[in-house]
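A.B. asks:
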RNA sequence: GCCCAGGUGGCGGAAUGGUAGACGCAGCGGACUUAAAAUCCGUUGGCCGUAAUGGCCGUGGGGGUUCGAGUCCCCCCCUGGGCACCA
């Protein structure tokens with residue numbers, strides 16, 4: 017079924033084979049096939065209007081090579097592709113042009129699919145998914161619904177990042193240095209009602225299970241740091257001025273309790289105003305106002321000139337009864353620990369800076385031995401001093417003992433805190449998954465059947481009323497986006513959906529959970545079984561759809577389950593996951609969280625979604641700068657394919673350097689791999705289009721060729737397994753260059769070569785395989801078998817060194833011993849010269865490698 | 001500031017502690033051609049050279065371990081990434 021090209025014409029050949037793959041469904045992954053399964057997943061793209069970026073095919077080529085290699089080795093490979101298609105740019109475009117996001121999305125996906133197909137990737141297109149398809153987001157909503165029912169989703173009025181330009185709130189992770197990650201617009205704090213997912217409930221498991229993952233260390237470390245577990249103690253300080261209240265602080269250094277010379281509470285701390293004496297009221301009020309208005313950029317800025325004011329109140333140190341002044345300062349965050357600290361300036365850098373500024377005492381309570389050599393603040397190990405009965409104890413010992421003693425008196429307890437915060441899960445946007453949630457009044461809530469309620473009620477205050485959240489019945493999912501075009505932001509901080517009363521206002525049946533539009537069913541007003549309710553108008557963030565998509569590929573069209581248990585049992589989770597390091601924390605942490613939740617529900621049998629992970633590096637522009645439109649250094653895959661073909665692009669992307677590394681693009685460089693493909697072609701196809709004349713039947717006659725072939729089989733196999741595709745290619749180049757110099761080559765050698773190249777350059781691989789008389793697709797033609805006997809030789813090269821420097825070499829019998837090799841070396845004039853007049857003090861012989869003569873004088 | 005990754009020819013890069021620079025780009029010289037393209041052959045780290053199976057230097061800098069270091073150890077410099085008042 018080969019083409020009839022005489023010359024290597026990628027455009028014709030690639031089109032031809034892409035059609036074959038499409039019509040024959042060459043890459044279909046067969047459920048329950050008898051072969052071992054192998055699931056290799058790419059991070060699916062956001063189909064932007066700009067089309068495929070050159071960075072996409074980099075990772076996708078690597079995974080494709082692995083997928084094709086695994087198929088050749090007899091695996092049942094699942095290699096799917098889909099679209100992470102909810103997202104702000106599509107909505108922004110809709111606002112600007114009035115085009116429905118669905119329309120834009122369809123076009124963008126069509127373009128992405130075309131581009132991806134033109135690269136010859138071996139996806140099973142029957143499993144394509146789109147996160148914006150109601151048949152998909154039905155299950156995203158379903159998962160949220162389960163989270164809600166189990167008390168892992170709640171609402172909270174909390175200060176969030178509001179971006180006036182984008183007219184939406186952003187997650188902490190979407191704000192970088194006070195600017196929106198998308199578009200670099202300034203952001204500010206606003207209090208809005210938000211949905212929050214209790215990812216912190218999984219913090220320990222997310223941390224612990226990192227250990228077993230075959231992931232890049234740096235990524236594991238980033239997640240560890242993000243979760244930020246720290247062990248310490250909560251210590252209770254009595255408040256003489258407020259006998260009914262207490263001040264609880266979190267500290268990792270209970271051992272330094274005797275060194276606490278002041279307390280600090282966050283400006284948002286609930287006791288802040290209560291603790292403020294009349295005398296200090298004005299100053300504290302002013303300070304709070306200032307802190308609240310400060311953006312977090314200012315508050316956490318590098319300059320970080322510390323600031324604070326005294327409240328006028330004191331707290332009692334539980335270990336010695338000392339009265340300690342309480343300050344308000346914005347270097348203490350309400351969102352971490354208890355929002356209050358005991359300040360130990362001698363042994364904490366931040367407290368030290370503050371104490372110096374406000375002239376507060378800085379007594380040393382830890383001695384590292386030589387106090388002269390250990391200026392304050394000192395955070396190192398040592399013994400306690402000036403600490404009453406604890407003086408003399410080692411730091412670690414004292415932590416235990418003080419915590420235990422406080423606990424015994426009911427004035428403290430051991431405590432673990434996490435840097436990780438709960439996940440702000442709502443967005444005020446149109447183009448996202450609607451929440452399957454209704455709000456009912458406080459009076460109506462008790463009337464609703466328990467089936468639609470969460471473990472603990474979720475409520476919020478709205479215009480003086482308390483509203484309660486209930487969920488839609490599972491069979492009412494998906495809750496689709498309304499058809500009316502309402503993607504203009506409301507501007508109030510509410511979602512555009514809030515502007516569509518026909519959609520928002522419904523009747524809900526208190527028993528069945530059924531809903532009906534309010535306006536069209538006014539008769540229900542008198543029916544006690546029907547309660548008025550409002551739909552939740554926020555939508556889910558873009559992360560939602562990508563949190564579980566890898567599971568949907570196992571069973572993409574199932575209408576009754578997220579994934580059928582037997583399919584989950586067969587395919588499990590991805591064996592290999594390839595994608596950018598920019599998702600090191602967010603996507604990968606959120607997906608792990610959802611996965612663990614689904615594990616708890618029994619939907620997946622694996623504790624972790626991605627056992628093996630690889631990050632491809634970023635490809636820079638030719639100028640070494642990050643590719644960007646404004647710099648005009650963007651490489652368009654379409655143009656490269658037009659000029660050199662997809663096989664050349666794929667090979668070049670892999671040849672650029674180690675996959676994980678950041679590396680610059682060089683358009684000239686693609687000539688090299690393009691020449692390689694042409695040479696490869698000419699080894700198989702003669703000038704007239706028939707098989708090359710130099711190919712002969714039967715086994716390879718040339719021992720050198722045979723040796724190099726088998727070396728290549730070994731090297732390419734190992735390199736593909738480890739995604740070292742740059743060196744796999746150079747080895748293939750070496751082999752092809754060698755064959756080019758030979759007048760005769762076995763057809764078998766050529767067939768092995770073609771099978772080795774096929775994962776990297778699949779179109780030319782298929783074409784040459786067919787011309788060499790191969791049966792069926794090269795994809796399933798098996799993998800060349802490495803024969804070690806072919807690379808073994810009787811003679812080995814020994815390098816001669818004198819004092820570690822190269823002074824010649826010789827081929828010697830591989831059984832030759834030290835003395836025999838030394839004798840051969842001595843015969844070489846160059847070696848002899850360097851030995852002349854010197855004393856041979858030592859002979860180092862590494863069989864098969866080296867003979868090093870150590871001489872003196 | 002803290003944590004991590006990395007610094008190798010003109011360029012991208014290769015190298016289980018064992019000939020540094022594989023492979024490719026670019027350059028130079030040559031063959032083919034009326035010419036060009038394409039292709040092929042040779043050459044290409046620096047310095048010195050009686051030009052050789054020659055000598056010295058050379059993997060960011062400085063020390064060290066070793067018969068032998070790009071590779072291991074210590075200190076420093078630079079680049080990239082992450083975190084950044086998390087108590």
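Numbering (my numbering), first residue to last: 17 to 873. Idealized CB from N, CA, C, for every residue including glycine.
Go ahead and label residue 860 buried or exposed: buried means 16 or more other beta carbons lie within 10 angstroms of its beta carbon, across all protein chains shown.
C.D. replies: Its Cβ having fewer than 16 others within 10 Å, residue 860 is exposed.
A.B. asks: For residue 749, report the span of its alpha helix (DSSP H) as first-last.
C.D. replies: Unbroken alpha helix (DSSP H) run through residue 749: 741-756.
A.B. asks: Per the contact definition of three or more C-beta pairs closer than 8 Å, is the region 116-132 in contact with the region 523-537?
C.D. replies: No: the two stretches stay apart, fewer than three of their Cβ pairs being nearer than 8 Å.
A.B. asks: With C-beta atoms as the reference, is residue 625 less than 9 Å away from residue 600?
C.D. replies: No, the Cβ-Cβ distance between residue 625 and residue 600 is not below 9 Å.
A.B. asks: Under 9 Å between the Cβ atoms of residue 546 and residue 568?
C.D. replies: Contact: no.
A.B. asks: If residue 825 and residue 812 are in contact, beta carbons under 8 Å, what's the gap, nearest whole angstrom?
C.D. replies: Not really, about 10 Å apart at Cβ, beyond 8 Å.
A.B. asks: Per DSSP, which one or two residues make a beta bridge with residue 716?
C.D. replies: Bridge partners of residue 716: none, in fact.
A.B. asks: Around the C-beta of residue 463, are 16 or more other C-beta atoms found within 10 angstroms, so that it is buried, or is it exposed?
C.D. replies: Exposed: under 16 other Cβ atoms inside 10 Å.
A.B. asks: At a cut of 8 Å, does the region 709-726 reach the region 760-770 through at least three beta carbon pairs?
C.D. replies: Judged by Cβ distances under 8 Å, the region 709-726 makes contact with the region 760-770, as three or more pairs qualify.
A.B. asks: Give me the Cα-Cα distance between residue 290 and residue 300, rounded to the nearest whole angstrom.
C.D. replies: One C-alpha to the other measures close to 11 Å.
A.B. asks: Can you give me the Cβ contacts of residue 553 inside the same chain, cut-off strictly under 7 Å, excluding the 5 residues immediately before and after it?
C.D. replies: If we look at residue 553 and ignore the five residues flanking it on each side, its Cβ neighbours are 510, 511, 513, 514, 520.
A.B. asks: Taking the alpha-carbon positions, what's the residue 246 to residue 801 distance?
C.D. replies: In a straight line, the C-alpha of residue 246 is about 52 Å away from that of residue 801.
A.B. asks: Can you name the start and end residues of the alpha helix (DSSP H) that residue 97 belongs to?
C.D. replies: Per DSSP, residue 97 belongs to no alpha helix (DSSP H) and is neither H nor E.
A.B. asks: Would you grab the beta carbon distance between residue 68 and residue 132 for me? Rounded to a whole angstrom, and I think it's under 8 Å.
C.D. replies: Correct: roughly 7 Å between the Cβ atoms.
A.B. asks: Can you have a look at residue 796 and say buried or exposed, based on whether 16 or more other CB atoms are within 10 angstroms of its CB?
C.D. replies: Result: exposed.
A.B. asks: For residue 284 and residue 345, I'd like the C-alpha separation in whole angstroms.
C.D. replies: Distance between the alpha carbons of residue 284 and residue 345 is about 10 Å.
A.B. asks: Here's the rule: buried if 16 or more other CB atoms are within 10 angstroms of the residue's CB, otherwise exposed. What is residue 95?
C.D. replies: The residue in question, residue 95, is buried, as its Cβ has 16 or more Cβ neighbours within 10 Å.
A.B. asks: For the alpha helix (DSSP H) holding residue 468, just list the boundary residues, first then last.
C.D. replies: Run containing residue 468: none; DSSP gives neither H nor E here.
A.B. asks: Just to confirm my understanding: we take residue 46, look at its own chain, exclude 5 residues before and 5 after, and list those with CB closer than 8 Å. What are they?
C.D. replies: Counting only Cβ-Cβ distances below 8 Å, and skipping sequence neighbours, we find 92.
A.B. asks: How would you write the range of the beta strand (DSSP E) that residue 856 sits in, first residue to last?
C.D. replies: 855-862 is the extent of the beta strand (DSSP E) around residue 856.
A.B. asks: Does the beta-carbon of residue 562 have 16 or more other beta-carbons within 10 angstroms, so that it is buried, or is it exposed?
C.D. replies: Label assigned to residue 562: buried.
A.B. asks: In whole angstroms, give me the CA-to-CA distance for residue 51 and residue 586.
C.D. replies: Going from the Cα of residue 51 to the Cα of residue 586 covers about 11 Å.
A.B. asks: Among 23, 75, 143, whose alpha-carbon lies nearest the alpha-carbon of residue 99?
C.D. replies: If we check each option's Cα against that of residue 99, 143 comes out closest.
A.B. asks: Is residue 176 closer than 9 Å to residue 135 when the C-beta atoms are compared?
C.D. replies: Cβ distance not < 9 Å, so residue 135 and residue 176 don't count as in contact.
A.B. asks: So does the region 266-278 actually touch the region 616-633, counting three or more Cβ pairs closer than 8 Å?
C.D. replies: No, because fewer than three Cβ pairs between the region 266-278 and the region 616-633 fall closer than 8 Å, the two stretches do not touch.
A.B. asks: Helix, strand or coil for residue 581? Go by DSSP, reduced to three states.
C.D. replies: Reduced to three states, the DSSP call for residue 581 is helix.
A.B. asks: So, with DSSP's three-state summary, where would you put residue 358?
C.D. replies: Strand at residue 358.
A.B. asks: Would you give the residue range spanned by the beta strand (DSSP E) that residue 547 belongs to?
C.D. replies: Here the beta strand (DSSP E) through residue 547 covers 546-551.
A.B. asks: Looking at the structure shown, is residue 339 part of a helix, part of a strand, or coil, going by DSSP?
C.D. replies: The answer is strand: DSSP assigns residue 339 an E or B state.
A.B. asks: Ordered along the chain, which non-local residues of its own chain (more than five positions away) have a Cβ less than 6 Å from that of residue 643?
C.D. replies: These residues qualify, in order along the chain: 637, 649, 650.
A.B. asks: Would you tell me roughly how many angstroms separate the C-alpha atoms of residue 717 and residue 695, rounded to the nearest one?
C.D. replies: Taking the straight line joining both Cα atoms gives about 21 Å.
A.B. asks: Do you know offhand how far residue 769's Cα is from residue 584's?
C.D. replies: When rounded, the distance between both Cα atoms is 37 Å.
A.B. asks: Alpha carbon to alpha carbon, how far is residue 659 from residue 88? Give it in angstroms, no decimals.
C.D. replies: When rounded, the distance between both Cα atoms is 29 Å.
A.B. asks: Is DSSP giving residue 670 helix, strand or coil here?
C.D. replies: Correct three-state label for residue 670: helix.
A.B. asks: Sorted by chain position, which residues of the same chain lie with C-beta nearer than 7 Å to residue 340's C-beta, five sequence neighbours on each side aside?
C.D. replies: Answer for residue 340: 276, 277, 278, 279, 330, 331, 333, listed in chain order.
A.B. asks: Do residue 249 and residue 422 have their beta-carbon atoms positioned less than 9 Å apart in this structure?
C.D. replies: Cβ atoms of residue 422 and residue 249: closer than 9 Å.
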